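Below: one structure, written as structure tokens.
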Amino acid sequence: MPTVSPLEMDDVPMGQLPPHIQLQRTRVFCASDAPTQTENIQYSGAYASMGVDNSFRLDDFVKNFRVEVVRLDEDDIEFDMIGIDAALANAFRRILIAEVPTMAIEKVLFANNTSVIPDEVLAHRLGLIPIKADPRLFEYMSENDTPNEKNTIVFKLHVQCKRGDPRITVKSDQLEWLPNGSEFQLVTDNSTSNSNSNSKPKTYTSFSRSQTSLPEFSEDSIALKHNDITIAKLGPGQEIELEAHAVKGVGKTHAKWSPVATAWYRMLPEVVLLENVEDEKAEELVKKCPVNVFDIEDVGEGKRRATVARPRACTLCRECIRGDDWENRVALRRVKNHFIFTIESSGALPPEVLFTEAVKVLESKCEQVISDLS
Amino acid sequence: MEHGSIKDSSSSTFSFADEDHTLANSVRFALNQDPRVTFCGYSIPHPADALVNIRVQTTGAPASEVLKDAVQDLMVMCQHVRDTFDKAVVDSKVSGSVKAMKIKP
Numbered sequence: 001m002p003t004v005s006p007l008e009m010d011d012v013p014m015g016q017l018p019p020h021i022q023l024q025r026t027r028v029f030c031a032s033d034a035p036t037q038t039e040n041i042q043y044s045g046a047y048a049s050m051g052v053d054n055s056f057r058l059d060d061f062v063k064n065f066r067v068e069v070v071r072l073d074e075d076d077i078e079f080d081m082i083g084i085d086a087a088l089a090n091a092f093r094r095i096l097i098a099e100v101p102t103m104a105i106e107k108v109l110f111a112n113n114t115s116v117i118p119d120e121v122l123a124h125r126l127g128l129i130p131i132k133a134d135p136r137l138f139e140y141m142s143e144n145d146t147p148n149e150k151n152t153i154v155f156k157l158h159v160q161c162k163r164g165d166p167r168i169t170v171k172s173d174q175l176e177w178l179p180n181g182s183e184f185q186l187v188t189d190n191s192t193s194n195s196n197s198n199s200k201p202k203t204y205t206s207f208s209r210s211q212t213s214l215p216e217f218s219e220d221s222i223a224l225k226h227n228d229i230t231i232a233k234l235g236p237g238q239e240i241e242l243e244a245h246a247v248k249g250v251g252k253t254h255a256k257w258s259p260v261a262t263a264w265y266r267m268l269p270e271v272v273l274l275e276n277v278e279d280e281k282a283e284e285l286v287k288k289c290p291v292n293v294f295d296i297e298d299v300g301e302g303k304r305r306a307t308v309a310r311p312r313a314c315t316l317c318r319e320c321i322r323g324d325d326w327e328n329r330v331a332l333r334r335v336k337n338h339f340i341f342t343i344e345s346s347g348a349l350p351p352e353v354l355f356t357e358a359v360k361v362l363e364s365k366c367e368q369v370i371s372d373l374s
Numbered sequence: 001m002e003h004g005s006i007k008d009s010s011s012s013t014f015s016f017a018d019e020d021h022t023l024a025n026s027v028r029f030a031l032n033q034d035p036r037v038t039f040c041g042y043s044i045p046h047p048a049d050a051l052v053n054i055r056v057q058t059t060g061a062p063a064s065e066v067l068k069d070a071v072q073d074l075m076v077m078c079q080h081v082r083d084t085f086d087k088a089v090v091d092s093k094v095s096g097s098v099k100a101m102k103i104k105p
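Going line by line, the protein sequences match chains A and B. All residue numbers for the first sequence refer to the UniProt record's numbering, where the first residue is 1 and numbers rise by one. All residue numbers for the second sequence refer to the UniProt record's numbering, where the first residue is 1 and numbers rise by one.
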């Protein structure tokens with residue numbers, strides 16, 4: 001009996017994947033016990049035995065990659081990214097959270113704090129206030145730098161609750177931007193201060209000019225994103241006087257520099273009816289789904305059939321495949337290369353700019369590697 | 001920094017300081033899809049150190065060249081993603097303003 005290699009059998013087509021393997025390659029299967037086929041097949045020779053080349057071709061990527069914006073508001077964006085690997089989608093998400101710079105309050109100089117909130121707690125609260133200032137216009141301040149108009153934003157807070165008055169709430173709108181830099185004078189020896197009494201007194205910052213006079217900042221370009229954040233509460237006779245210095249930083253140093261509230265993605269859900277689900281079964285299926293994925297349509301002759309109307313709404317709660325035999329009627333899958341990406345900006349930059357900045361960060365990392373290698 | 005033998009340039013380990021999964025996983029993705037690569041993986045030796053090691057073994061081509069090509073590919077992909085995204089945002093803003101004006105296209 002002649003032996004025939006399975007690859008030479010007539011029903012194994014060369015050069016294309018059999019449908020079930022193609023499905024495993026492009027979909028995650030969500031069964032009732034666990035998701036399967038969650039890995040992305042990246043290895044170029046993964047399907048070599050079937051005559052399929054899995055290596056990367058740039059022109060294929062360029063041809064297949066698509067972006068569709070679903071929703072774009074002042075602070076939110078939701079868009080579909082189609083034809084990209086999870087490795088890159090996740091890189092963009094990680095960069096958005098941890099490596100796109102913003103400005104945040106880092107140093108707080110207390111002149112007076114008689115409130116019940118300790119200095120360090122108040123300083124921490126101030127740090128978390130989002131500042132609406134374009135970080136691309138600023139430079140990083142390293143350890144030996146002196147604070148100047150290119151790397152520091154100075155805010156002042158001076159509030160007092162008079163004796164006999166009711167308690168007051170200090171809100172973020174009481175933080176006042178000082179475009180000329182710090183107003184607190186450095187403590188110096190009498191001998192030196194006498195000798196140059198004509199020059200400007202030295203303060204905690206050395207601004208050479210006002211930030212309002214710089215062409216890149218217009219009058220209202222630096223402000224706080226929200227004016228109604230509670231900073232502290234003051235009782236009668238209590239007072240806070242401080243200066244807050246904001247500098248440029250990234251989210252991996254401290255979350256206060258993260259430009260996003262959150263950035264996340266999910267793979268596109270795919271709900272497939274494996275057989276016709278009719279009449280009572282159809283109604284049962286519609287009732288099973290908590291997010292209303294299914295609809296019922298009339299097919300004539302008094303028969304009704306379930307249809308998948310809103311697969312995008314599916315949360316993969318797997319309610320619909322619970323119970324006897326439902327797993328044979330409904331298949332829940334996710335499309336591996338279709339990402340529904342959502343970015344919520346915390347206010348420093350609009351969300352669409354944040355994403356382009358994130359991609360630029362990855363590009364500059366690549367550039368760095370290339371220059372290191374050559 | 002590259003660690004490998006002088007005699008055999010086809011397999012090397014590359015250490016990148018101040019990098020993490022973000023770059024390493026993307027590079028691994030790009031490398032694994034290159035037919036010249038027989039093995040590629042990365043590790044972070046200690047979570048407290050900002051350091052990743054990327055291991056590249058090839059069928060014969062110098063590992064550093066293959067890595068460079070992969071990173072180059074990655075960069076071109078990024079540029080394409082950025083261009084496509086910017087175009088999509090402009091399109092959605094235009095169509096959004098058309099909707100707001102209630103003009104029938």
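Ideal placement from N, C-alpha and C gives every residue a C-beta, glycine not left out. Note that this is a predicted model, so its numbers are computed, not measured.
| request: Classify A:Gly164 as buried or exposed, calling it buried when 16 or more other Cβ atoms lie within 10 Å of its own Cβ. | output: Around the C-beta of A:Gly164, fewer than 16 other C-beta atoms lie within 10 Å, and the residue is accordingly described as exposed.
| So, is the C-beta of residue 121 of chain B closer than 8 Å to a C-beta in chain A? | Residue 121 of chain B is absent from the model: chain B starts at 1 and stops at 105.
| task | Quick one: grab the DSSP three-state call for A:Ser193. | result | Low confidence applies to A:Ser193: its pLDDT is 47, below 50, so where it sits in the model is not reliable enough to give any reading.
| query | Taking the alpha-carbon positions, what's the B:Ser9 to A:Val100 distance? | reply | 36 Å
| query | Which term fits A:Lys256, buried or exposed, when burial requires 16 or more other beta carbons within 10 angstroms of its beta carbon? | reply | buried
| Run through DSSP, which three-state label would A:Glu243 get? | strand
| said: Give me the DSSP bridge partner(s) of A:His158. | reply: A:Glu241
| Can you give the Cα-Cα distance for A:Phe217 and A:Phe92, rounded to whole angstroms? | 29 Å
| Is A:Ser371 close to chain B, meaning its C-beta is less than 8 Å from at least one C-beta of that chain? | no
| query | When the Cβ atoms of the region 230-247 of chain A are set against those of the region 100-116 of chain A, are three or more pairs found closer than 8 Å? | reply | yes
| query | the region 328-356 of chain A: which residues have C-beta closer than 8 Å to a C-beta of chain B, in chain order? | reply | Glu352, Phe355, Thr356
| said: A:Arg334 and A:Pro269 - do their beta-carbons sit closer together than 8 Å? | reply: yes
| request: Kindly indicate if chain A contains any beta-carbon less than 8 Å away from that of B:Val76. | output: yes
| Along chain D, which residues have their Cβ under 7 Å away from the Cβ of A:Glu68? | In the structure shown, chain D cannot be found, because the protein chains are A and B.
| Buried or exposed by the 16-neighbour rule on C-beta atoms within 10 Å, applied to A:Asp167 | Note that residue 167 of chain A corresponds to Arg in the displayed sequence, not to Asp. It counts as exposed.
| request: State buried or exposed for A:Ser195, treating a residue as buried only when at least 16 other CB atoms are found within 10 Å of its CB. | output: At A:Ser195 the pLDDT is 49, less than 50, meaning the model places this residue with poor confidence and gives no usable figure here.
| request: Classify A:Pro135 as helix, strand or coil using the three-state DSSP reduction. | output: In the three-state DSSP reduction, A:Pro135 falls in the helix class (H, G or I).
| Taking only beta-carbon atoms, is A:Val271 less than 8 Å away from chain B? | no
| Which of helix, strand or coil does DSSP assign to B:Ser11? | strand
| said: For A:Thr262, report the span of its beta strand (DSSP E) as first-last. | reply: Residues 260-273.
| Taking the C-alpha atoms as reference points, what is the distance between A:Ala36 and A:Gln174? | Per the sequence shown, the amino acid found at residue 36 of chain A is Thr instead of Ala. CA-to-CA, the gap between A:Thr36 and A:Gln174 works out to about 54 Å.
| task | Taking only beta-carbon positions, decide if B:Pro62 is within less than 8 Å of chain A. | result | no
| For the region 222-244 of chain A, which residues have a CB atom closer than 9 Å to at least one CB atom of chain B, in sequence order? | none
| Where A:Tyr43 meets chain B, residues with beta-carbon distance less than 7 Å | Asn32
| task | Could you name the residues that DSSP lists as bridge partners for A:Ile77? | result | A:Leu72, A:Ile343, per the DSSP bridge assignment.
| said: If you reduce the DSSP assignment to three classes, tell me which class A:Asp165 lands in. | reply: In this structure, A:Asp165 counts as coil in the three-state DSSP scheme.
| Quick one: what does DSSP say A:Asp295 is sitting in, helix, strand or coil? | strand
| query | Helix, strand or coil for residue 382 of chain A per DSSP? | reply | Lying outside 1 to 374, the shown extent of chain A, residue 382 of chain A is not represented and no answer is given.
| query | Residues in the region 162-185 of chain A with C-beta within 9 Å of chain B's C-beta atoms, listed in sequence order? | reply | So the list is empty, because no residue satisfies the distance condition.
| query | What residues of chain A sit near B:Thr84, judged by a beta carbon separation below 8 Å? | reply | Phe65, Arg66, Val67
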